[in-house]
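Read through the structure below, which is laid out as structure tokens, and then see the notes.
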Amino acid sequence: MNPRILSQEIVHGFYLLRVDDERVNYFEAIWSIPERVTYNAYLLVGDGEAVLFDGWKALYADDLIEAIRGIVSPRDLTHVVVHHVEPDHSGSLPKVLEANGFRAGVVAHPMAKPMIESFYKMSPRFRLVRDGEEISIAGEKIKILHTPWLHWPETMMSYLVGRKILVPCDAFGGYSIPRTVFDDDDAVVQEYLPSVRKYVATVIGFYRQHIIRNIEKLQGLQLDIGIVAPAHGLVWRKSPRLIIDYYRSLAEGHPDDNKILVVSGSMYGLMEKAARIVVEEVEKLGGRTASYWFNDLEQPSFSEIIGDAIDSRAIILAAPTYEAGVYPLIDYLVDLIVKKIPPKPVLILGSYGWAGAVTKRLSEKLAAAGFKIVETIEFKGSPSEEDAHRIRDGVRELLEQS
Ligand code: FEO
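Per our numbering, the very first residue in the sequence shown carries number 177; after that it's consecutive.
In structure tokens form, the structure reads like this:
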């Protein structure tokens with residue numbers, strides 16, 4: 177099946193080349209994305225020069241070359257800007273340069289050079305650029321901004337001064353295949369934002385302080401940003417401010433209204449009884465739950481849980497003891513949460529058959545990462561009436577303290 181390719185002029189001489197990757201199941205071979213993803217490259221043409229910004233996954237390299245050919249001959253590319261070396265954007269580089277006869281200069285941060293050389297075992301002609309440098313290509317002045325850890329240390333953005341376009345690569349992108357190219361339709365934007373949230377949480381949540389730092393850097397430069405043209409998802413021309421503010425809000429961990437994340441692991445349904453009491457109590461007190469259930473019938477997606485964790489007001493975890501430790505799926509989830517999610521208030525429920533370990537282990541891990549443990553409740557076997565009271569009290573306390 178041929179991939180869907182979108183080639184569209186965004187403003188005069190500046191084109192989006194987007195491929196919709198409907199084959200990928202697991203982004204970075206980790207994150208489940210049934211909603212899929214797009215890779216967006218951009219082409220700037222003018223004054224006898226042509227600049228390609230980023231590229232697509234290696235799988236789609238031939239398709240990218242064809243898409244370029246629809247606008248200019250690949251041999252006429254004079255520059256290829258590699259903002260970020262992760263192969264969802266740079267995988268097509270060897271074939272593009274081959275089709276170009278290795279005539280183009282590769283514009284990249286100095287840290288990108290050894291990465292490109294080692295990933296692709298090639299040494300093209302580099303034009304290494306540094307933060308704040310301005311280069312004039314294709315009749316446009318391009319300001320280079322080094323934005324480390326968005327998503328790797330070499331990552332940079334381009335700001336096209338004349339056209340007021342920010343080309344930020346991973347930043348301000350999201351999962352899914354939006355129905356449109358632009359953010360013009362509010363319904364499309366509302367449909368898309370949950371996939372942005374999931375993308376931020378899973379891919380760059382670990383680097384959230386750098387999201388904040390780099391957004392502050394952009395604001396400090398007082399760039400007049402008319403269009404944000406990221407490497408995944410929608411191009412923002414109606415509300416470029418919206419996506420920048422949304423990224424900042426996610427990185428800072430601002431809650432979405434009253435959302436309480438509840439995740440339960442239960443081998444035989446005993447802990448699930450307790451977690452059902454939790455959900456009932458949260459909703460009785462006016463909270464909205466996003467709940468996930470690991471049991472003998474289902475294993476929810478870690479990507480979805482992490483995506484819901486990032487803008488939750490508080491988190492409730494419920495797990496039984498397993499091999500003198502924590503039920504492993506919740507243990508793994510907490511490992512992800514402490515790395516990728518800004519600290520939130522937490523309530524922990526643990527159960528055991530003969531000796532408990534869950535509340536102690538999880539509290540230690542979460543507290544070390546700055547999470548506030550509002551309450552821990554441990555019980556033996558199935559929750560008793562008294563345990564149910566403690567659980568309800570614990571939920572009330574959590575909502576009061578969050
Ligand atoms: Fe979309 Fe970090 O690559």
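The beta carbon of each residue, even a glycine, is placed where N, CA and C say it ideally should be.
Computed from a prediction, not measured in an experiment: that's the story for all the values here.
Annotated three-state conformation of K556 is strand, per DSSP.
The beta-carbon separation of Y368 and G350, rounded to 6 Å, stays under the 8 Å limit for a contact. Annotated as distal: L253 and A217, with beta-carbon spacing of 9 Å or more. In terms of Cα proximity to D196, the closest of F478, I318 and S352 is S352.
Secondary-structure assignment with DSSP links G441 through a beta bridge to F470. Residues lining the ligand FEO by the Cβ criterion, that is a Cβ closer than 5 Å to any of its heavy atoms, are E262, D264, H327 and D346 in chain order. Nearest to D223 by C-alpha distance, out of K317, S299 and I380, is K317. Secondary structure of R306 (DSSP, three-state): coil. Every beta strand (DSSP E) of 3 residues or more that sits fully in the stretch 451 to 502 is shown, in chain order, as 464 to 470 and 490 to 498. Using a 10 angstroms sphere on the CB of Y202, the tally of other CB atoms stays under 16, which defines it as exposed. Within its own chain, the residues whose Cβ lies closer than 6 Å to the Cβ of G315, once the five positions on either side in sequence are excluded, are G222 and D223, listed in chain order.
CA-to-CA, the gap between Q184 and W328 works out to about 28 Å. CA-CA distance, L410 to I292, rounds to 27 Å.
For the alpha helix (DSSP H) assignment, the uninterrupted runs of no fewer than 4 residues enclosed by the stretch 350 to 403 are, from N- to C-terminal side, 362 to 375 and 384 to 396. DSSP, read as helix, strand or coil, puts R180 in strand. Contact between P344 and V404 holds: their C-beta atoms lie close to 6 Å from each other, under 8 Å. For R537, the uninterrupted alpha helix (DSSP H) run begins and ends at V534 to A544, by DSSP.
Separation of R245 and L304 (C-alpha to C-alpha, rounded to the nearest whole angstrom) is 26 Å. If you check the CB distance, K548 and S488 do not come in under 9 Å. In the displayed model, G231 falls within coil according to three-state DSSP, outside both helix and strand. The stretch 480 to 499 makes contact with the stretch 521 to 535, as at least three CB pairs between them are under 8 Å. K271 carries a helical assignment under DSSP once its states are collapsed to helix, strand and coil. H408 sits in coil when the DSSP states are folded into three classes, being neither helix nor strand. Of the candidates M447, R373, P416 and V257, the residue whose Cα lies closest to the Cα of D563 is M447.
Contact between L512 and F478 holds: CB atoms are separated by about 6 Å, below the 8 Å threshold. Burial of N276 is indicated by the presence of at least 16 other C-beta atoms within 10 angstroms of its C-beta.
Per DSSP, the unbroken alpha helix (DSSP H) holding V571 starts and ends at E561 to E576. DSSP places N216 in the strand class (E or B) of the three-state scheme.
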